[in-house]
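Read through the structure below, which is laid out as C-alpha coordinates, and then see the notes.
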Amino acid sequence: MAIKAEYFLATPAPSGFCTLFEQAFFAPEEGTVMLLKGSAGSGKSTLLKKTAQMLEDMGLEVERIRCASSPDSLDGIICPKAKLAAFDATAPHVMEPVLPGAFERMVTLYDTVCDEALSEYRELLWKHQQEAEKYRTRAIRYLTAAGCLLDDAARTARCCTDEPKILRCADSLAKRYFTGKARKTGEKSVRLLEAVTPHGVVCLEQTVYALADTVVAVEDEWGAAAPILMQALCSLAQERGLDVIACHDCFSPQQLRHLIIPSLRLAFVTVGGVCPAPRRVSRTIHAKRFTNMDGIRARRNRLRFNRKSCRELLAQACEMLCESAVHHDEQERVYTRAMDTQALDAKTRQVMEQVRGYAADMR
(Lines of atoms letter the chains of each structure in order from A and count residues from 1; the text may use other names and numbers.)
(Lines give C-alpha, C1' and ligand atoms only; values in the text may rest on other atoms or scores of the structure.)
Protein backbone atom coordinates (compact mmCIF):
# COMPACT_ATOMS: atom_id res chain seq x y z
CA MET A 1 0.00 0.00 0.00
CA ALA A 2 1.31 3.44 -0.94
CA ILE A 3 2.41 5.70 1.89
CA LYS A 4 0.06 8.65 2.20
CA ALA A 5 1.19 12.27 2.57
CA GLU A 6 0.31 13.69 5.98
CA TYR A 7 1.00 17.08 7.53
CA PHE A 8 0.04 19.39 10.36
CA LEU A 9 -1.38 22.86 9.79
CA ALA A 10 -1.47 23.98 13.41
CA THR A 11 0.67 23.59 16.52
CA PRO A 12 1.24 25.13 19.93
CA ALA A 13 4.25 27.41 19.51
CA PRO A 14 6.31 29.93 21.51
CA SER A 15 4.25 32.78 20.03
CA GLY A 16 0.95 31.09 20.93
CA PHE A 17 -1.16 28.71 18.89
CA CYS A 18 0.15 28.80 15.33
CA THR A 19 -2.26 27.97 12.51
CA LEU A 20 -1.53 27.84 8.77
CA PHE A 21 -4.94 26.62 7.60
CA GLU A 22 -5.89 29.71 5.63
CA GLN A 23 -2.50 29.68 3.88
CA ALA A 24 -3.44 26.20 2.62
CA PHE A 25 -6.67 27.43 0.99
CA PHE A 26 -7.00 27.29 -2.77
CA ALA A 27 -7.64 30.52 -4.65
CA PRO A 28 -11.38 31.39 -4.37
CA GLU A 29 -11.82 31.39 -8.15
CA GLU A 30 -10.60 27.82 -8.57
CA GLY A 31 -11.40 25.75 -5.49
CA THR A 32 -13.84 24.77 -2.77
CA VAL A 33 -13.27 24.65 0.98
CA MET A 34 -15.65 22.95 3.38
CA LEU A 35 -15.56 24.30 6.94
CA LEU A 36 -16.79 21.89 9.59
CA LYS A 37 -18.31 23.22 12.81
CA GLY A 38 -19.18 21.00 15.74
CA SER A 39 -18.59 20.25 19.40
CA ALA A 40 -15.94 17.97 20.85
CA GLY A 41 -16.80 14.36 20.03
CA SER A 42 -19.20 15.33 17.23
CA GLY A 43 -17.54 13.11 14.63
CA LYS A 44 -15.62 15.71 12.61
CA SER A 45 -12.46 13.59 12.42
CA THR A 46 -14.41 10.45 11.50
CA LEU A 47 -16.22 12.34 8.74
CA LEU A 48 -12.89 13.59 7.37
CA LYS A 49 -11.39 10.10 7.43
CA LYS A 50 -14.36 8.62 5.57
CA THR A 51 -14.27 11.42 3.02
CA ALA A 52 -10.54 10.96 2.44
CA GLN A 53 -11.02 7.25 1.83
CA MET A 54 -13.89 7.93 -0.59
CA LEU A 55 -11.76 10.36 -2.61
CA GLU A 56 -8.91 7.85 -2.76
CA ASP A 57 -11.35 5.20 -3.95
CA MET A 58 -12.16 7.63 -6.79
CA GLY A 59 -8.46 7.56 -7.73
CA LEU A 60 -7.57 10.95 -6.24
CA GLU A 61 -4.59 11.71 -4.03
CA VAL A 62 -5.48 13.13 -0.62
CA GLU A 63 -3.33 14.92 1.94
CA ARG A 64 -4.37 14.21 5.51
CA ILE A 65 -3.96 17.02 8.05
CA ARG A 66 -3.24 15.64 11.51
CA CYS A 67 -4.43 17.23 14.75
CA ALA A 68 -1.64 18.43 17.05
CA SER A 69 -3.78 17.87 20.15
CA SER A 70 -4.52 14.28 19.13
CA PRO A 71 -2.29 13.11 16.24
CA ASP A 72 -4.45 10.05 15.55
CA SER A 73 -7.32 12.40 14.63
CA LEU A 74 -7.69 14.56 11.54
CA ASP A 75 -8.09 18.32 11.38
CA GLY A 76 -8.54 18.36 7.63
CA ILE A 77 -8.04 16.85 4.20
CA ILE A 78 -6.76 18.43 0.97
CA CYS A 79 -7.32 17.03 -2.51
CA PRO A 80 -5.07 19.11 -4.81
CA LYS A 81 -6.26 17.67 -8.13
CA ALA A 82 -9.91 18.38 -7.35
CA LYS A 83 -9.04 21.75 -5.74
CA LEU A 84 -11.04 20.61 -2.74
CA ALA A 85 -10.33 20.87 0.99
CA ALA A 86 -12.28 20.21 4.18
CA PHE A 87 -11.16 21.52 7.56
CA ASP A 88 -12.26 21.41 11.18
CA ALA A 89 -13.01 25.11 11.66
CA THR A 90 -13.58 25.06 15.43
CA ALA A 91 -11.29 26.28 18.24
CA PRO A 92 -8.37 26.54 18.61
CA HIS A 93 -8.13 27.04 14.82
CA VAL A 94 -11.37 28.92 14.22
CA MET A 95 -12.11 29.75 10.58
CA GLU A 96 -15.00 31.81 9.27
CA PRO A 97 -16.13 32.07 5.64
CA VAL A 98 -15.18 35.06 3.51
CA LEU A 99 -17.33 34.09 0.51
CA PRO A 100 -19.86 31.70 2.08
CA GLY A 101 -21.62 29.56 -0.47
CA ALA A 102 -19.48 30.85 -3.34
CA PHE A 103 -16.13 29.56 -2.05
CA GLU A 104 -16.55 28.10 1.43
CA ARG A 105 -19.26 25.57 2.22
CA MET A 106 -20.34 25.53 5.87
CA VAL A 107 -21.10 22.17 7.49
CA THR A 108 -22.57 22.25 10.99
CA LEU A 109 -22.69 19.20 13.23
CA TYR A 110 -24.11 21.07 16.21
CA ASP A 111 -27.60 19.89 15.31
CA THR A 112 -26.56 16.23 15.71
CA VAL A 113 -26.25 16.66 19.48
CA CYS A 114 -29.26 16.37 21.78
CA ASP A 115 -29.33 19.59 23.81
CA GLU A 116 -31.61 18.14 26.48
CA ALA A 117 -29.14 15.35 27.20
CA LEU A 118 -26.38 17.91 27.82
CA SER A 119 -28.22 20.25 30.17
CA GLU A 120 -27.46 18.29 33.33
CA TYR A 121 -23.74 18.17 32.45
CA ARG A 122 -23.32 21.92 31.97
CA GLU A 123 -21.22 22.46 35.11
CA LEU A 124 -19.07 19.41 34.40
CA LEU A 125 -18.41 20.51 30.81
CA TRP A 126 -17.54 24.03 31.95
CA LYS A 127 -15.13 22.66 34.56
CA HIS A 128 -13.31 20.53 31.98
CA GLN A 129 -13.25 23.47 29.55
CA GLN A 130 -11.59 25.72 32.13
CA GLU A 131 -9.08 23.05 33.17
CA ALA A 132 -8.15 22.24 29.58
CA GLU A 133 -7.60 25.92 28.82
CA LYS A 134 -5.54 26.39 31.99
CA TYR A 135 -3.13 23.61 31.03
CA ARG A 136 -2.90 24.81 27.41
CA THR A 137 -1.95 28.27 28.67
CA ARG A 138 0.76 26.79 30.89
CA ALA A 139 2.07 24.78 27.96
CA ILE A 140 2.38 27.93 25.84
CA ARG A 141 4.33 29.63 28.64
CA TYR A 142 6.84 26.78 28.73
CA LEU A 143 7.09 26.88 24.94
CA THR A 144 7.62 30.64 25.02
CA ALA A 145 10.54 30.17 27.41
CA ALA A 146 11.95 27.36 25.26
CA GLY A 147 11.55 29.52 22.17
CA CYS A 148 13.56 32.33 23.78
CA LEU A 149 16.43 29.92 24.42
CA LEU A 150 16.27 28.50 20.89
CA ASP A 151 16.29 32.01 19.46
CA ASP A 152 19.24 32.95 21.66
CA ALA A 153 21.17 29.89 20.46
CA ALA A 154 20.42 30.71 16.82
CA ARG A 155 21.47 34.35 17.27
CA THR A 156 24.65 33.27 19.04
CA ALA A 157 25.57 30.84 16.27
CA ARG A 158 24.58 33.30 13.53
CA CYS A 159 27.38 35.60 14.67
CA CYS A 160 29.77 32.81 13.67
CA THR A 161 28.01 31.87 10.42
CA ASP A 162 29.15 32.76 6.90
CA GLU A 163 25.89 33.60 5.09
CA PRO A 164 27.45 34.23 1.64
CA LYS A 165 28.95 30.75 1.82
CA ILE A 166 25.49 29.31 2.55
CA LEU A 167 24.04 31.10 -0.48
CA ARG A 168 26.85 29.77 -2.69
CA CYS A 169 26.06 26.28 -1.42
CA ALA A 170 22.38 26.80 -2.32
CA ASP A 171 23.37 27.80 -5.87
CA SER A 172 25.56 24.71 -6.16
CA LEU A 173 22.78 22.42 -4.91
CA ALA A 174 20.30 24.00 -7.31
CA LYS A 175 22.59 23.39 -10.28
CA ARG A 176 23.04 19.79 -9.23
CA TYR A 177 19.45 18.85 -8.35
CA PHE A 178 17.04 21.29 -10.04
CA THR A 179 16.49 20.14 -13.61
CA GLY A 180 14.34 21.58 -16.38
CA LYS A 181 13.68 25.08 -17.65
CA ALA A 182 11.20 27.47 -16.09
CA ARG A 183 8.04 28.30 -18.04
CA LYS A 184 6.52 30.05 -15.06
CA THR A 185 7.25 30.62 -11.39
CA GLY A 186 6.64 27.50 -9.34
CA GLU A 187 3.86 27.43 -6.77
CA LYS A 188 4.46 27.09 -3.04
CA SER A 189 2.32 25.08 -0.64
CA VAL A 190 2.79 25.80 3.07
CA ARG A 191 2.70 22.93 5.55
CA LEU A 192 4.10 21.72 8.90
CA LEU A 193 5.93 18.41 9.12
CA GLU A 194 6.25 18.63 12.92
CA ALA A 195 3.98 19.74 15.74
CA VAL A 196 4.20 19.96 19.51
CA THR A 197 1.76 17.35 20.85
CA PRO A 198 0.91 15.73 24.20
CA HIS A 199 3.27 12.94 23.10
CA GLY A 200 6.21 15.25 22.43
CA VAL A 201 7.28 16.78 19.14
CA VAL A 202 5.92 14.50 16.42
CA CYS A 203 7.57 14.42 12.98
CA LEU A 204 5.56 12.93 10.10
CA GLU A 205 8.69 11.64 8.40
CA GLN A 206 6.79 9.05 6.35
CA THR A 207 5.54 11.94 4.21
CA VAL A 208 9.10 12.70 3.12
CA TYR A 209 9.62 9.09 2.03
CA ALA A 210 6.27 9.09 0.23
CA LEU A 211 7.21 12.11 -1.88
CA ALA A 212 11.00 11.88 -2.25
CA ASP A 213 13.55 9.24 -3.21
CA THR A 214 16.49 11.60 -2.66
CA VAL A 215 16.61 13.16 0.81
CA VAL A 216 19.37 15.70 1.52
CA ALA A 217 19.81 16.45 5.23
CA VAL A 218 21.20 19.70 6.61
CA GLU A 219 22.60 18.96 10.06
CA ASP A 220 22.31 22.15 12.10
CA GLU A 221 22.42 21.90 15.88
CA TRP A 222 21.93 25.62 16.50
CA GLY A 223 19.37 26.68 13.90
CA ALA A 224 21.48 29.39 12.28
CA ALA A 225 22.45 28.04 8.86
CA ALA A 226 19.61 25.70 7.86
CA PRO A 227 16.80 28.31 7.67
CA ILE A 228 18.92 30.49 5.36
CA LEU A 229 19.77 27.53 3.12
CA MET A 230 16.15 26.29 3.00
CA GLN A 231 14.79 29.73 2.09
CA ALA A 232 17.39 30.15 -0.65
CA LEU A 233 16.64 26.69 -2.07
CA CYS A 234 12.91 27.41 -1.98
CA SER A 235 13.36 30.63 -3.97
CA LEU A 236 15.71 29.00 -6.48
CA ALA A 237 13.33 26.09 -7.02
CA GLN A 238 10.39 28.40 -7.69
CA GLU A 239 12.50 30.51 -10.07
CA ARG A 240 13.12 27.33 -12.05
CA GLY A 241 9.38 26.67 -12.27
CA LEU A 242 9.29 23.92 -9.66
CA ASP A 243 6.32 23.56 -7.33
CA VAL A 244 7.47 23.18 -3.74
CA ILE A 245 6.07 22.17 -0.37
CA ALA A 246 7.59 24.52 2.20
CA CYS A 247 7.43 22.99 5.68
CA HIS A 248 7.79 25.62 8.38
CA ASP A 249 9.47 25.26 11.76
CA CYS A 250 6.97 24.51 14.54
CA PHE A 251 9.08 26.58 16.98
CA SER A 252 9.76 29.46 14.57
CA PRO A 253 6.87 29.39 12.08
CA GLN A 254 8.34 32.29 10.10
CA GLN A 255 11.29 30.06 9.12
CA LEU A 256 11.50 27.05 6.80
CA ARG A 257 12.70 23.76 8.23
CA HIS A 258 12.15 21.38 5.31
CA LEU A 259 11.58 21.65 1.56
CA ILE A 260 9.94 18.99 -0.60
CA ILE A 261 9.88 19.06 -4.42
CA PRO A 262 7.54 16.22 -5.44
CA SER A 263 8.10 16.53 -9.21
CA LEU A 264 11.81 15.73 -8.70
CA ARG A 265 11.19 13.19 -5.91
CA LEU A 266 13.57 15.37 -3.88
CA ALA A 267 13.56 16.71 -0.32
CA PHE A 268 15.84 18.86 1.81
CA VAL A 269 15.36 18.31 5.55
CA THR A 270 16.82 19.91 8.66
CA VAL A 271 18.34 17.59 11.24
CA GLY A 272 19.36 18.69 14.73
CA GLY A 273 18.06 20.79 17.58
CA VAL A 274 15.18 19.69 19.79
CA CYS A 275 12.89 18.40 17.02
CA PRO A 276 12.95 14.86 15.63
CA ALA A 277 13.67 14.62 11.92
CA PRO A 278 13.62 12.14 9.02
CA ARG A 279 16.33 9.55 9.61
CA ARG A 280 16.74 7.90 6.20
CA VAL A 281 18.77 10.36 4.15
CA SER A 282 20.83 10.15 0.97
CA ARG A 283 23.35 12.82 1.86
CA THR A 284 24.19 15.05 4.82
CA ILE A 285 25.43 18.64 4.68
CA HIS A 286 26.95 19.76 7.98
CA ALA A 287 26.30 23.34 9.10
CA LYS A 288 29.80 23.38 10.57
CA ARG A 289 31.15 24.00 7.07
CA PHE A 290 29.51 27.45 7.19
CA THR A 291 30.54 28.16 10.77
CA ASN A 292 33.55 29.63 12.55
CA MET A 293 33.96 26.79 15.06
CA ASP A 294 36.40 28.78 17.19
CA GLY A 295 33.59 31.23 17.84
CA ILE A 296 31.20 28.38 18.68
CA ARG A 297 33.70 26.80 21.07
CA ALA A 298 34.08 30.13 22.86
CA ARG A 299 30.32 30.11 23.45
CA ARG A 300 29.83 26.38 24.03
CA ASN A 301 28.79 26.65 27.68
CA ARG A 302 26.01 29.07 26.80
CA LEU A 303 24.86 26.90 23.89
CA ARG A 304 24.89 23.73 26.00
CA PHE A 305 22.88 25.42 28.74
CA ASN A 306 20.33 26.64 26.21
CA ARG A 307 19.94 23.22 24.63
CA LYS A 308 19.57 21.36 27.95
CA SER A 309 17.14 23.90 29.40
CA CYS A 310 15.11 23.96 26.20
CA ARG A 311 14.63 20.18 26.28
CA GLU A 312 13.44 20.35 29.90
CA LEU A 313 11.01 23.17 29.13
CA LEU A 314 9.69 21.29 26.12
CA ALA A 315 9.10 18.19 28.25
CA GLN A 316 7.09 20.29 30.72
CA ALA A 317 5.07 21.85 27.90
CA CYS A 318 4.14 18.42 26.55
CA GLU A 319 3.18 17.28 30.04
CA MET A 320 0.81 20.26 30.31
CA LEU A 321 -0.66 19.43 26.89
CA CYS A 322 -1.21 15.88 28.09
CA GLU A 323 -3.13 17.17 31.12
CA SER A 324 -5.19 19.41 28.85
CA ALA A 325 -5.99 16.45 26.60
CA VAL A 326 -7.34 14.49 29.57
CA HIS A 327 -9.98 17.16 30.21
CA HIS A 328 -10.78 17.49 26.51
CA ASP A 329 -11.31 13.73 26.33
CA GLU A 330 -13.74 13.93 29.24
CA GLN A 331 -15.69 16.58 27.34
CA GLU A 332 -15.76 14.33 24.29
CA ARG A 333 -17.21 11.45 26.28
CA VAL A 334 -20.10 13.61 27.49
CA TYR A 335 -20.87 14.92 24.00
CA THR A 336 -20.56 11.48 22.43
CA ARG A 337 -23.18 10.08 24.82
CA ALA A 338 -25.51 12.91 23.81
CA MET A 339 -25.02 12.32 20.09
CA ASP A 340 -27.97 11.55 17.83
CA THR A 341 -26.21 8.85 15.82
CA GLN A 342 -28.92 8.66 13.17
CA ALA A 343 -28.70 12.41 12.55
CA LEU A 344 -24.90 12.19 12.43
CA ASP A 345 -24.97 9.30 9.95
CA ALA A 346 -27.41 11.20 7.74
CA LYS A 347 -25.25 14.33 7.86
CA THR A 348 -22.13 12.29 7.05
CA ARG A 349 -23.78 10.74 4.00
CA GLN A 350 -24.99 14.16 2.84
CA VAL A 351 -21.54 15.73 3.13
CA MET A 352 -19.81 12.82 1.41
CA GLU A 353 -22.24 13.02 -1.52
CA GLN A 354 -21.56 16.75 -1.83
CA VAL A 355 -17.81 16.12 -1.84
CA ARG A 356 -18.22 13.35 -4.41
CA GLY A 357 -20.08 15.78 -6.65
CA TYR A 358 -17.46 18.54 -6.28
CA ALA A 359 -14.63 16.10 -6.98
CA ALA A 360 -16.36 14.62 -10.02
CA ASP A 361 -16.94 18.08 -11.51
CA MET A 362 -13.27 19.07 -11.07
CA ARG A 363 -11.70 15.89 -12.46
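Numbering (this note's numbering), first residue to last: 4 to 366.
Think of the CB as a built atom: it goes at the ideal place given N, C-alpha and C, for glycine as much as any other residue.
Going by DSSP, residue 111 is part of no alpha helix (DSSP H) but of the beta strand (DSSP E) stretching over 107–111. Under DSSP, the beta-bridge partners assigned to residue 250 are 194 and 261.
Looking at 313, 333 and 309, the one whose alpha-carbon comes closest to that of residue 159 is 309. Contact holds between the stretch 25–40 and the stretch 91–107, because three or more Cβ pairs, one in each stretch, are under 8 Å apart.
Within the same chain, and ignoring the five residues on either side of residue 327 in sequence, the residues whose Cβ sits closer than 6 Å to its Cβ are 135, 138 and 139. Closest option to residue 364, judged by alpha-carbon separation, among 66, 290, 85 and 150: 85. For residue 339, no pairing in a beta bridge is given by DSSP. Around the CB of residue 178, fewer than 16 other CB atoms lie within 10 Å, so the residue is classed as exposed. It is roughly 29 Å from the alpha-carbon of residue 133 to the alpha-carbon of residue 52. Check the Cα spacing between residue 118 and each of 340, 209, 353 and 49: the tightest is with 340. Inclusion of residue 12 and residue 78 in the CB contact set at 8 Å is warranted, their separation being smaller than that value. For the pair of segments examined, the stretch 119–127 was found to touch the stretch 337–355: the number of CB pairs separated by less than 8 Å reaches three.
Put simply, the stretch 195–212 touches the stretch 260–275. At least three CB pairs are less than 8 Å apart. If you keep only unbroken beta strand (DSSP E) runs of at least 3 residues inside the stretch 93–146, you get 107–111. Apart from the 5 residues on each side of it in sequence, residue 276 sits with its Cβ closer than 6 Å to the Cβ of 226 in its chain, given in chain order.
Taking residue 33 as reference, the option from 83, 345, 21 and 18 with the minimal CA-CA separation is 83.
In the same chain as residue 203, and ignoring 5 residues on each side of it, the C-beta atoms closer than 6 Å to its own belong to 321, in chain order. Residue 21 sits in a strand when the DSSP states are folded into three classes.
The distance from the Cβ of residue 222 to that of residue 289 is about 5 Å, consistent with a contact at the 8 Å cut-off. Judged by DSSP secondary structure, residue 12 falls outside any beta strand (DSSP E); it is assigned neither H nor E.
Annotated as proximal: residue 259 and residue 230, with beta-carbon spacing under 8 Å. As summarised for the stretch 13–88, the continuous alpha helix (DSSP H) elements at least 4 residues long and confined to that stretch are 47–60, given in chain order.
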